[in-house]
Structure formats: structure tokens, C-alpha cells
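Here the structure comes first, spelled out in C-alpha cells, and everything after it is commentary.
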Amino acid sequence: MSDTAVTTPAGGGREQQAAYLAPGHSFSTVTDKISSIVLTQKISLGWLLSLGVSASLAGLLFVSVGYLFVKGIGIWGNNIPVGWAFDITNFVWWIGIGHAGTLISAILLLLRQQWRTSINRFAEAMTLFAVACAGMFPLIHVGRPWLAYWLMPIPNTMGMWPQFRSPLIWDVFAVSTYATVSLLFWYVGLIPDLATLRDRTPSKLGRVIYGIFALGWRGSAMHWHRYETAYLLLAGLATPLVVSVHTVVSFDFAVSVVPGWHTTVFPPYFVAGAIYSGFAMVLTLSIPIRAIYGLQDFITMKHLNVMAKVMLATGLIVAYGYSIEAFMAWYSGNHYERFMMLNRMTGPYWWAYWGLILTNVLIPQLLWFKRCRTNVVVLWCLSIVINVGMWLERFVIIVTSLHRDFLPSSWGMYSPSFWDWATYIGTIGLFLTLLLLFLRFLPMISIFEMRTMVPAARVEGRKH
Amino acid sequence: MEHAQTYGLVAEFESPTALVQAAHKAREAGFRKMDAYSPMPIEELHEALGLPQTKLPFIVLCGGAIGALAGYGLEYWASTIAYPFNIGGRPLHSWPSFIVPAFETTILFSALAAVLGMILLNGLPMPYHPVFNAKRFAMASRDRFFLCIESGDPKFHQTETRRFLESLGPREVNDVER
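Going down the list, the protein sequences come from chains A and B. Heads up, the final residue of the first sequence is numbered 466 in the numbering used here, and it's a clean run with no missing numbers. Heads up, the final residue of the second sequence is numbered 191 in the numbering used here, and it's a clean run with no missing numbers.
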């Protein structure tokens with residue numbers, strides 16, 4: 003199927019549906035195509051090689067964390083004044099990436115954007131794995147990770163309770179709720195598809211395992227009614243949640259007094275940045291996946307085009323955030339704020355700041371051009387550039403703000419150690435390992451929702 | 014009872030439209046104890062079968078209310094009674110700070126109520142159900158649409174109900190053994 007065949011002009015509901023699913027598909031072809039990736043396709047050499055590489059990198063993570071537990075966080079480049087560095091940069095980067103998954107699955111569901119259907123499952127999986135990587139960083143950063151349970155409100159013999167006035171505790175609640183709700187949302191979405199796999203798998207073991215997780219789903223009308231209600235409610239709950247999570251992450255900075263952190267623009271600008279980086283990651287992953295698994299009928303050029311537009315829009319909000327940061331630093335007349343901004347632009351970390359402007363603001367302007375949005379290679383490269391840019395953004399915010407604050411006598415420099423890099427690259431390995439296993443053992447596209455996109459899914463005759 | 018061995022009769026259709034029309038006709042014919050099975054949600058089916066609205070939204074509301082009270086209550090109790098601590102001279106009951114975790118617990122409890130409520134109201138997990146015995150029922154999770162009239166229905170009759178179902182234009186009609 004050529005990509006041009008599916009770009010019908012936007013029209014009424016049905017024309018739009020057709021454009022997001024290549025013509026000629028029926029309930030059975032949709033089911034068979036998606037489930038065959040899990041059930042009948044042989045494990046390919048490419049998949050095994052990718053898994054080998056990612057699992058080795060994940061192994062590097064385990065070595066890094068093991069060594070960290072033995073030696074303490076002195077193995078990192080963190081110091082005083084730069085007490086937060088790669089760890090928190092990576093935490094915010096990963097959790098931001100996760101946000102696109104929830105946006106696609108929840109917010110676009112509420113907005114009735116049908117194009118979400120073919121990417122939501124896989125974006126939700128991306129969310130889960132990104133949150134898993136993110137959650138690790140604050141835990142290993144506490145220095146004595148075996149005491150990390152002190153963050154939770156658990157009755158203990160010391161009679162101590164968490165400090166609920168601290169944004170760091172808000173973060174514990176926000177991120178753990180986010181992880182739980184993302185998992186629930188993803189699992190609920192999977193139940194009918196697990197039933198499909200249970201009914202179609204040729205292997206007995208598969209039937210038992212998929213059967214257990216399908217909970218005996220049989221597609222009864224009343225079940226579907228409750229299911230749809232629950233799914234819609236979950237979407238309604240996940241929407242304010244996802245906004246709150248990155249808001250709370252930004253509070254970790256904004257509630258403090260450090261120049262460069264103490265800014266009211268942080269919550270909206272962090273949320274926009276999260277969506278920006280998340281869509282970049284969805285594109286980074288979905289462009290190769292659709293090529294490798296031949297899913298161009300389901301993830302069409304139109305999907306990529308729409309995602310590119312979301313990136314362009316959120317990227318502009320982020321660019322606005324940067325300019326307001328700079329403007330307010332000057333306009334506030336605050337000496338420290340002004341110095342912070344100048345130091346970002348011309349201080350020892352100037353390369354990070356201008357790298358950020360280049361990768362996050364200037365290069366993504368190519369997305370204005372349709373030729374860039376519809377060229378998968380260009381789009382993929384742009385998504386990588388934005389991933390790098392969003393990582394630099396967090397690095398700039400965290401490190402350049404901390405390394406020179408109010409007192410010149412307490413200024414310092416930060417440079418990452420080998421273990422900083424090893425831990426970061428290790429989480430990328432863990433993320434890709436989990437993703438590859440997901441692609442192999444679970445349907446990466448929601449089968450039952452794709453069935454609703456088939457033209458025959460519309461009930462004719464009676465009005466409702 | 015006459016139909017002790019059968020759970021009911023199941024008719025197989027090839028499209029959602031056919032299933033919805035069949036469900037309408039079956040309801041008009043006076044059948045009440047029936048269920049439809051489809052590979053994806055069909056909005057019109059719910060009305061065609063005359064099914065009740067679910068109580069789930071109310072359960073979720075209760076979950077959210079409990080979450081809000083529990084979260085805020087925990088914060089209040091921990092910060093003012095169990096472990097009072099002066100942080101920068103702020104009052105022990107620093108309600109603006111307490112809103113954030115309470116908001117998160119509200120969402121958490123509502124989401125758990127939505128998922129557990131949906132699963133439990135649906136009577137899941139239920140690995141065994143008689144309808145799985147029906148011939149070709151595995152297609153209900155692929156591309157076929159089933160209407161099952163259960164033997165518990167007062168109007169159910171092994172041969173007449175079969176004839177009725179056959180009049181609806183199904184692909185085939187099969188017995189569902191218990």
C-alpha cells in the first residue's frame with residue numbers, strides 16, 4: 003500500500019476514518035494482521051540482535067546501579083553546589099517522554115481524535131517503560147536507596163511521617179499515581195485483545211497465559227457497556243493527572259528559591275515540553291516499527307503528519323517559555339535572575355544553552371514545511387534532534403542554575419562521570435528491552451479499536 | 014426442566030448491523046434473557062437489548078470522594094497530630110500544600126474504582142462460561158457477532174426459538190451446552 007493512497011482530504015466522519023486506515027480492510031484482516039506479529043511470525047534475527055544490544059545496555063544499568071549501591075553517589079559527578087545533575091535531568095526527561103502516551107490515549111480519546119487508535123497502545127507502553135526508567139532516578143539518587151520507603155506514608159517505629167509541604171513528596175504521590183493509572187489504563191485496553199490472542203494462539207501455553215490475563219473476557223454487550231464507561235472515565239481521570247504530574251515535577255524547581263528555577267512559567271512550559279518530547283519519542287519509535295512490521299496501512303503518513311504538527315505546536319509553546327524566561331530575567335530587574343540568564347548564554351555551559359536553542363527551537367521549524375513532515379527520514383531525524391534538545395533543556399535548567407547561584411564563593415562546576423553516562427545509557431537499554439519484549443508478546447496496536455475503524459463497523463439503518 | 018442440558022441457542026452474524034437488527038427483533042418477539050457477543054463495542058446494541066445503565070460512574074465518584082478524604086485526612090493527621098513539625102514557620106495545617114497529594118489520591122482511588130468496579134461488575138475473572146462451548150464462538154473475538162437466547166428465558170423453546178433465530182438471517186445457529 004503506497005502512502006499516497008490514504009491521504010484523502012479531511013471530510014465527514016467516515017472519510018476521516020478511511021484516511022487513518024488504508025482501504026480494503028475488514029474485521030478479520032485487521033485482527034489477523036496485528037495478531038500475526040505476536041502469534042505466527044518467527045522471531046527475526048533483527049529483533050534478536052536489537053534485544054541483545056538493548057539487554058546488554060540494560061545490563062550496564064544493573065552494573066552501574068550495583069556499583070552505586072556499594073560506593074554511594076560519589077561515583078557520579080554530582081557535588082555541592084550541583085547536587086542535582088544527570089539523575090534529575092534523566093528523571094524529568096523520561097517522565098516527560100511518558101506524557102505523550104497518556105496524551106494520545108486519554109486526551110485525544112476525549113477529543114474524539116480517531117487517529118489515536120493505531121498508536122495509543124504502543125504509546126501507552128512507551129509511557130509505562132519511560133515512567134519505570136524515570137522512577138528509578140530519584141530512588142537511586144537518595145543516596146541510601148534502602149531507606150527510600152521513608153518517602154511513603156508508612157507507619158514506622160521511628161514515628162516519622164513524610165513532609166507533605168515539600169514538592170518532593172508531592173512528586174512521590176504524583177509519579178506513583180501516574181505509574182499506577184498508566185498501568186491500569188494500558189491493561190484495561192489490553193483485555194479484549196488478550197481475549198483475541200487467547201482464542202487465536204496455536205500454542206497451549208500461550209492460551210493459558212493470555213487466558214489468565216484476559217480474565218475470561220467474552221465480549222458480552224453489557225460487559226462492553228461497562229468497559230466503555232470505565233475506559234472513558236479513566237481517560238477523564240488521566241487527563242488532569244498527566245497535566246498535574248509534570249506540573250508537580252516543575253514545582254520541584256519552581257517552589258525553590260534558586261534563580262532559574264523560581265519561575266511561575268514553569269508548570270505550563272514543562273507540560274508543553276513533556277508533550278513535545280513525548281511525541282518526538284513516539285515518532286522515533288513508530289517510524290522504524292511501522293517499516294519493520296509493515297504497518298503502513300495502520301500507521302499512515304497522515305498519522306505521522308498529525309504528530310509532526312503536534313510537535314510543532316508544543317515546540318512553539320516551549321520556545322515561548324524560553325523567551326519568557328529570558329525576558330523576565332531582564333524585566334524583573336533582579337540582579338541574580340539577570341546574571342543567571344547571562345551565565346546560561348555566555349557562561350561555561352554556553353554550549354548547552356545554544357545547543358538547546360538550536361535543537362529545540364531552530365531546527366524543528368522545518369516542521370512548518372509539508373515536505374519535511376511527509377518525509378519519514380527527515381521526520382525521524384527531527385524527532386531525534388528534539389529528543390536531544392529536550393534532554394539539553396533539563397540539563398540547562400538544572401545544572402546551569404545550580405552551579406552559580408547567589409554567592410560566588412559557592413560556585414562550582416559539574417562534569418558527568420563515566421557512571422553518570424553508564425546509568426543514563428543503561429536506562430535507554432532498559433527502555434528498549436522492555437519495548438522489544440512488548441512488541442513481541444503483546445499486540446502493539448489495539449485490535450478491537452482498529453475494528454471500530456473498519457467501515458462495516460458502523461451500524462446502518464436504525465438511528466440512535 | 015426440559016432444557017437442563019442447554020444454556021441456550023446462539024446465532025452467528027457477519028456484521029454489527031445484522032446483530033443489532035436481530036437483537037431488536039428478538040426483543041420485540043418478547044425475549045428478555047439474552048446476550049450479544051461482539052469483537053468490539055457496539056453502541057446501538059445496548060439499547061437494542063434493552064440493557065440497564067451501569068452504576069459504574071457512581072462507584073467511581075465514591076472512589077474519588079474516599080480518595081480525597083483519605084489523602085487529605087492522612088496529611089492532616091500526619092502533619093498536625095502524629096508528627097507536628099515547624100517548617101519555616103508555616104502552620105501545621107498547611108492546606109494549600111496538602112491539596113496536591115490529596116488531588117493525586119483522588120485520581121488514584123477513582124481509577125482503581127473504575128477498573129476494579131468494571132471487572133467485578135462484569136463478574137470477571139471468569140475463566141469458564143457456557144457460551145465458550147458454542148461452536149465457532151472463538152470467532153467472537155475476531156470478526157463474528159453472536160446473539161445468544163438463554164434457556165432461562167420464559168419464552169425459550171428448543172425448536173421454536175431455533176426457528177425464530179434462523180428467520181433472522183444468521184450464518185448459522187448452534188446449541189450452547191452447559
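The beta carbon of each residue, even a glycine, is placed where N, CA and C say it ideally should be.
Out of the options, point me to the one whose CA is closest to residue i's CA.
i: cysteine 383(A); options: Phe93(A), Leu409(A), Arg453(A) and Asn362(A); result: Asn362(A)
i: tryptophan 152(A); options: His143(A), Trp163(A) and Gly145(A); result: Trp163(A)
i: arginine 396(A); options: Ala24(A), Asn92(A) and Lys304(A); result: Asn92(A)
i: aspartate 89(A); options: Ser246(A), Ser66(A), Phe300(A) and Phe272(A); result: Ser66(A)
i: glycine 191(A); options: Leu53(A), Ala458(A), Ala102(A) and Met452(A); result: Met452(A)
i: tryptophan 356(A); options: Asp201(A), Gly161(A), Trp226(A) and Tyr324(A); result: Tyr324(A)
i: alanine 81(B); options: Arg103(B), Phe116(B), Ala124(B) and His59(B); result: Phe116(B)
i: serine 107(B); options: Val398(A), Gln165(A), Ala150(A) and Asn122(A); result: Gln165(A)
i: serine 37(A); options: Asp201(A), Ile388(A), Met309(A) and Trp332(A); result: Asp201(A)
i: phenylalanine 281(A); options: Leu41(A), Thr198(A), Glu126(A) and Leu70(A); result: Glu126(A)
i: valine 144(A); options: Phe29(A), Thr231(A), Ile75(A) and Pro290(A); result: Ile75(A)
i: valine 174(A); options: Lys44(A), Asp254(A) and Trp413(A); result: Asp254(A)
i: lysine 46(B); options: Arg175(B), Arg176(B), Phe169(B) and Leu178(B); result: Phe169(B)
i: glycine 349(A); options: Tyr416(A), Tyr322(A), Gln43(A) and Leu239(A); result: Tyr416(A)
i: alanine 176(A); options: Arg146(A), Leu235(A), Ser246(A) and Met128(A); result: Ser246(A)
For chain B, check one thing: does any of its Cβ atoms lie closer than 7 Å to the Cβ of residue i?
i: phenylalanine 450(A); result: yes
i: threonine 104(A); result: no
i: arginine 453(A); result: yes
i: arginine 16(A); result: Bear in mind that the predicted position of arginine 16(A) carries a pLDDT of just 43, short of 50, making it unreliable; the figure below should be weighed with that in mind. Output row for arginine 16(A): interface = no.
i: aspartate 173(A); result: no
i: leucine 111(A); result: no
i: alanine 127(A); result: no
i: serine 30(A); result: yes
i: tryptophan 117(A); result: no
Rounded to the nearest angstrom, what separates residue i and residue j at their Cα positions?
i: arginine 114(A); j: arginine 191(B); result: 41 Å
i: glycine 61(A); j: leucine 438(A); result: 15 Å
i: cysteine 374(A); j: tyrosine 351(A); result: 31 Å
i: leucine 50(A); j: glycine 165(B); result: 53 Å
i: aspartate 34(A); j: proline 194(A); result: 15 Å
i: serine 252(A); j: lysine 148(B); result: 57 Å
i: lysine 38(B); j: glycine 221(A); result: 21 Å
i: valine 186(B); j: leucine 368(A); result: 59 Å
i: glutamine 171(B); j: valine 23(B); result: 11 Å
i: leucine 134(B); j: cysteine 135(A); result: 34 Å
i: tryptophan 332(A); j: tryptophan 78(A); result: 34 Å
i: lysine 339(A); j: glycine 262(A); result: According to the sequence provided, residue 339(A) is glutamate. The question's lysine does not apply to it. One C-alpha to the other measures close to 7 Å.
i: cysteine 161(B); j: alanine 31(B); result: 14 Å
i: proline 11(A); j: proline 25(A); result: Model confidence at proline 11(A) stands at a pLDDT of 38, short of 50, so the residue's coordinates are unreliable and nothing is read from them.
i: methionine 342(A); j: methionine 138(A); result: 30 Å
i: leucine 111(A); j: isoleucine 277(A); result: 16 Å
Indicate whether at least one CB of chain A lies closer than 7 Å to the CB of residue i.
i: serine 28(B); result: yes
i: aspartate 156(B); result: yes
i: histidine 106(B); result: no
i: isoleucine 94(B); result: no
i: glutamate 41(B); result: no
i: threonine 19(B); result: no
i: phenylalanine 111(B); result: yes
i: leucine 160(B); result: no
i: glutamate 185(B); result: no
The ligand FMN and residue i: does the residue's C-beta get closer than 6 Å to at least one heavy atom of that ligand?
i: tyrosine 50(B); result: This structure simply doesn't include the ligand FMN, nor any ligand for that matter.
In or out: residue i buried (at least 16 other Cβ within 10 Å) or exposed?
i: threonine 249(A); result: buried
i: proline 155(A); result: buried
i: glycine 130(B); result: buried
i: phenylalanine 472(A); result: Chain A is shown only over 3 to 466; residue 472(A) falls outside these bounds and no answer can be derived.
i: valine 379(A); result: exposed
i: lysine 465(A); result: Only weak support is given to the placement of lysine 465(A): the predicted model assigns it a pLDDT of 47, under 50, and the value that follows is read from those uncertain coordinates. With fewer than 16 other Cβ atoms within 10 Å, it is exposed.
i: histidine 337(A); result: exposed
i: methionine 283(A); result: buried
i: tryptophan 370(A); result: exposed
i: tryptophan 90(B); result: exposed
i: glutamate 211(B); result: Within the shown structure, residues of chain B are numbered from 14 to 191, placing residue 211(B) beyond reach of any answer.
i: threonine 286(A); result: buried
i: alanine 108(A); result: buried
i: glutamine 66(B); result: exposed
(message) For the segment 344-364 of chain A, list every residue whose C-beta sits within 8 Å of some C-beta in chain B, in sequence order.
(response) none
(request) Could you run through the segment 268-286 of chain A and flag, in chain order, every residue whose CB is less than 9 Å away from some CB of chain B? (result) none
(request) Taking only beta carbons into account, state which residues of the segment 116-141 of chain B come closer than 8 Å to chain A, listed in chain order. (result) Phe116, Glu117, Thr118, Ile120, Leu121, Ser123, Ala124, Leu125, Ala127, Val128, Gly130, Met131, Ile132, Leu134, Asn135, Leu137, Pro138, Met139, Pro140 and Tyr141
(request) Closer than 9 Å, Cβ to Cβ, to anything on chain A: give me those residues from the segment 69-82 of chain B, in chain order. (result) Leu69, Pro70, Val73 and Gly77
(message) Along the segment 397-408 of chain A, where does the CB come closer than 9 Å to a CB of chain B? Name the residues.
(response) none
(message) Output needed in chain order: residues of the segment 48-64 of chain B with a Cβ under 7 Å from some Cβ in chain A.
(response) Asp48, Ala49, Tyr50, Ser51, Pro52, Met53, Pro54, Ile55, Glu56, Glu57, Leu58, His59, Glu60, Leu62 and Leu64
(request) Note down, in chain order, all residues in the segment 140-156 of chain A with a beta-carbon under 7 Å from any beta-carbon belonging to chain B. (result) Pro155
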